[in-house]
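Participant: Each residue of the sequence shown is one higher than the one before, starting from 3 at the first, in the numbering used here.
Where a beta carbon is used, it is the ideal one built from N, C-alpha and C, also for glycine.
All figures in this text were calculated on a predicted structure; none of them were measured in a lab.
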Amino acid sequence: MLGAFLVLKGYVLSKGNIPIALGILQNAGLPTIVVGGLLSGLPILVAAVLAGTIFNALTHRSEARKSVKGLPLSPQAIVVLATVVLSFICTQWPFMIIAAVIGLATGAINRMNIPPLTIAAYLVALVFAVYGVTVMLYTVWLPTEKLTIAGVNPSPVGYVLADNPGGWITILVSPQNGIVSYRDAKVTSRQTCEQAPHDSWSQLTDAATLWQEITKWQPLAFLHQTPEPPC
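Structure follows, in structure tokens:
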């Protein structure tokens with residue numbers, strides 16, 4: 003499954019162009035793609051765990067009432083709380099809210115034991131799961147960079163796959179998702195930048211986490227990550 007996911011991710015990032023997908027593999031290297039592909043999927047994975055733990059807590063409410071000795075919470079409540087905190091930090095806020103709603107809705111409907119309604123709820127959850135995985139496939143594991151290159155205008159924006167000092171620098175250009183290479187000596191500057199949401203799709207993929215939003219509040223500003231300049 004992991005191999006299939008990484009192959010599919012390379013195919014999606016190349017927009018169906020197999021030579022480009024092979025170029026990404028050749029330039030970035032297999033270890034980087036494996037680790038980076040898994041890390042880029044972490045927000046959606048955490049959202050799925052959040053939905054699953056909420057669903058499980060509602061489905062087995064009798065177990066949820068049993069508190070741990072010395073603690074006011076049950077093991078299930080502790081797990082749900084931990085996944086909420088993790089989602090709070092790692093997952094874009096639209097996906098966190100959708101995951102929580104799916105977990106609550108499917109768990110409550112499952113307890114009603116009405117087969118047609120339960121099947122409908124599972125189908126809706128499946129649609130959102132497929133959508134979330136699709137977003138994860140389009141997410142690149144590298145930071146977006148704007149490069150200033152002598153003789154090249156406008157400056158290319160994309161993801162640096164490989165940088166060989168004294169040789170070539172290879173970039174996966176965004177949003178075309180094509181691979182270009184330039185002489186490293188001609189690169190005069192590299193600036194990590196942030197792509198602002200610009201359509202309905204990127205409103206989800208580039209959305210902030212709740213942690214990023216809340217730490218904008220002045221008393222917590224010292225915890226807020228300094229935003230990169232826009233691309």
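Can you give me the start and stop residues for the alpha helix (DSSP H) that V14 sits inside?
Facilitator: Residues L4 to L15.
Participant: Suppose contacts are defined by Cβ-Cβ distances below 8 Å. Is G39 in contact with K17 by that definition?
Facilitator: Cβ distance not < 8 Å, so G39 and K17 don't count as in contact.
Participant: Return helix, strand or coil for Q227, following the three-state DSSP convention.
Facilitator: Three-state DSSP puts Q227 in coil, outside helix and strand.
Participant: Can you give me the C-alpha to C-alpha distance between Q193 and L32, rounded to a whole angstrom?
Facilitator: Each residue's Cα considered, the two are about 25 Å apart.
Participant: Taking the alpha helix (DSSP H) that A107 falls in, what are its first and last residues?
Facilitator: Residues W95 to M114.
Participant: Expressed to the nearest angstrom, what Euclidean distance is found between the alpha-carbon atoms of A127 and Y13?
Facilitator: About 25 Å.
Participant: Should T85 go down as buried or exposed, given a rule of 16 or more other Cβ atoms within 10 Å for buried?
Facilitator: The residue in question, T85, is buried, as its Cβ has 16 or more Cβ neighbours within 10 Å.
Participant: So within the stretch 156-193, which uninterrupted beta strand (DSSP E) runs reach at least 3 residues, ignoring any that extend past its ends?
Facilitator: Complete beta strand (DSSP E) runs here, min 3: 159-165, 170-175 and 180-185.
Participant: Could you give the C-beta distance for V159 and C92, rounded to a whole number, given that I count them as a contact under 8 Å?
Facilitator: Not really, about 25 Å apart at Cβ, beyond 8 Å.
Participant: Going by DSSP, name the residue or residues bridged to L149.
Facilitator: Paired residue(s): R192.
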